[in-house]
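Chains as they are written, first to last, in this note's numbering: chain A, 268 to 637; chain P, 147 to 250. Glycine included, each C-beta is placed from N, C-alpha and C at the ideal position. The block underneath contains the structure these notes are about, expressed in structure tokens.
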């Protein structure tokens, strides 16, 4: 597993830079602080913070290998997914006032948006790219226990309320949140859906510098996630079909398909991202798992978004190559930035860097020095 | 820290009938907020959600046990932000603009 080393004005900043390079969420990475930032008189920076980071190892296989597998798998299996939520895929009216910033939508990469008026723009203002809360939110880290570590948990187990009866496992929308009933007997039938039973639960964990590594079989995590998602969409008054997939050994993907799921995607996928984050948080809270990875997809949005981003990135790259003018893109999540970085790496004559702080961190496309 | 950032989502679904049936019970948005919060905290009994009307929608004020604050806010407010997005989507389905305030 590759380590990357980054610097920043604070440890937090250095970590963000590292996450950017790795293209993963904070919960999926591990860090070593090599050096703290030292401040001189009047808070002037004397030396930068240095950290090194890597994607938290779960299996002895390289990250690149893993990513390729996922891609192949996705391309093959999602082609039949019907078009849903088109209203949201290409949503957003761009940022007309800010000509230096390009958005994916400017490039017309995604589906056309018939009513990209105030609704889309307004809703987008609350999305993950929202820049209004940089100052205040940082404080909150102080009273949040570190994610991904639960030193008290030594054994994989599921706590909390009983799971719902399994119904038939794949369909959602069954009303009622029968909290009292566990249905472990029903799990046998569900397991048949996994293409890889046995899972990662018993795999030896990678060497960790600190904290307890809690391995929970992905089947188990998938069930908790499925349970949460099923109830959530039902609370939202929706009845999509929910299926579980294993794009690779470390990942459970929960796919929602059906009609009128644009609500679950939201402006630029903001709601989908939120749902995925909450699902991961709940699974972590209920199982304590530090291994594996949960993904949520709605109507093939993930795939479409990736394709749109790649197209957009290529477009911007060729413009930058012609004009020689560096161009900043709109703020994106680490995962999206990674897609852009990767897409542009293949192109001669331009390079990319990331600038700014979360949640306003963005890719800048720079003409390569000749 | 009362409100981390604001959600000024304009009415997403211009279905102007929310005030006819919505009253100030918070409706779907409130039940989604309750559901999600219950899944995140250790002490679901301490969850309290008050609903009030705002100029163009409703405000849900969420209170949880002191020990659970971190769980509903998350690192750099990430969980709070996700809760807001999802609750807002729930409100959007009813054409209601929803603001979630986490009260400490």
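| query | result |
| --- | --- |
| Beta-carbon neighbours of residue 205 of chain P, restricted to chain A and to distances below 8 Å | Correct list: empty, because the minimum Cβ distance to chain A is about 14 Å. |
| Chain A contact residues for residue 239 of chain P, given Cβ-Cβ distances below 7 Å | 503, 504 and 530 |
| Alpha-carbon spacing of residue 173 of chain P relative to residue 322 of chain A, whole angstroms | 41 Å |
| Other residues of its chain near residue 603 of chain A: CB distance less than 7 Å, five sequence neighbours each side excluded | 576 |
| Rounded C-alpha distance that separates residue 561 of chain A from residue 633 of chain A | 34 Å |
| Touch test, the segment 477-495 of chain A against the segment 518-534 of chain A, Cβ-Cβ under 8 Å, three pairs minimum | yes |
| Residue from P:193, P:216, P:245 and P:246 whose Cα sits closest to the Cα of residue 548 of chain A | P:216 |
| Extent of the continuous beta strand (DSSP E) run through residue 206 of chain P | 203-209 |
| Residue 195 of chain P at chain A interface by Cβ criterion, 8 Å | no |
| Between the CA atoms of residue 601 of chain A and residue 618 of chain A - distance to the nearest angstrom | 17 Å |
| Residue 221 of chain P at chain D interface by Cβ criterion, 8 Å | Included in the structure are the protein chains A and P, with no chain D among them. |
| Where the beta strand (DSSP E) containing residue 275 of chain A begins and where it ends | 271-275 |
| Inter-residue Cα distance where the pair is residue 568 of chain A and residue 294 of chain A | 23 Å |
| For residue 193 of chain P, the first and last residue of its enclosing alpha helix (DSSP H) | Unbroken run through residue 193 of chain P: none, as it is neither H nor E. |
| Best match in A:274, A:287, A:511 and A:269 for proximity to residue 621 of chain A [C-alpha to C-alpha] | A:287 |
| Coil, strand or helix - residue 279 of chain A by DSSP | helix |
| Sub-8 Å separation of residue 290 of chain A and residue 281 of chain A beta-carbons | no |
| Where residue 564 of chain A falls: helix, strand or coil (DSSP) | strand |
| Separation of residue 546 of chain A from residue 581 of chain A, as counted between CA atoms | 32 Å |
| Range of the contiguous alpha helix (DSSP H) that encloses residue 516 of chain A | Note, residue 516 of chain A: premise wrong, no alpha helix (DSSP H); not H, not E. |
| Within-8 Å CB hit, residue 242 of chain P to chain A | no |
| 8 Å Cβ cutoff, residue 168 of chain P in contact with chain A | Only weak support is given to the placement of residue 168 of chain P: the predicted model assigns it a pLDDT of 41, under 50, and the value that follows is read from those uncertain coordinates. Not closer than 8 Å to any Cβ of chain A, the Cβ of residue 168 of chain P fails to qualify, so no. |
| CB contact below 8 Å: residue 186 of chain P versus chain A | yes |
| Beta-carbon neighbours of residue 224 of chain P, restricted to chain A and to distances below 7 Å | 544 |
| When A:594, A:570 and A:564 are compared against residue 507 of chain A, the one with the closest alpha-carbon | A:564 |
| Chain-ordered neighbours of residue 210 of chain P on chain A, where CB pairs are closer than 7 Å | Within 7 Å Cβ-Cβ: nothing; residue 210 of chain P doesn't reach chain A, min ~12 Å. |
| CA-to-CA distance, residue 517 of chain A to residue 273 of chain A, given in whole angstroms | 26 Å |
| Start-to-end residues for the beta strand (DSSP E) that takes in residue 618 of chain A | 617-622 |
| Span separating the alpha-carbon of residue 193 of chain P from that of residue 566 of chain A | 33 Å |
| Cβ of residue 533 of chain A within 8 Å of any chain P Cβ | yes |
| Beta carbon proximity, residue 364 of chain A to chain P, threshold 8 Å | At residue 364 of chain A the pLDDT is 37, less than 50, meaning the model places this residue with poor confidence; the figure from the coordinates comes in the next sentence. No, residue 364 of chain A lies away from the interface with chain P (no Cβ there is under 8 Å from its Cβ). |
| Contact check, residue 541 of chain A vs residue 231 of chain P, beta carbons under 8 Å | yes |
| Reference residue 544 of chain A, options P:237, P:226 and P:196, closest by Cα | P:226 |
| Straight-line gap, residue 244 of chain P to residue 630 of chain A (C-alpha atoms, nearest Å) | 32 Å |
| Given residue 176 of chain P as reference, the closest of P:198, P:188, P:189 and P:224 once Cα atoms are compared | P:198 |
| Helix, strand or coil at residue 316 of chain A according to DSSP, with G and I counted as helix | strand |
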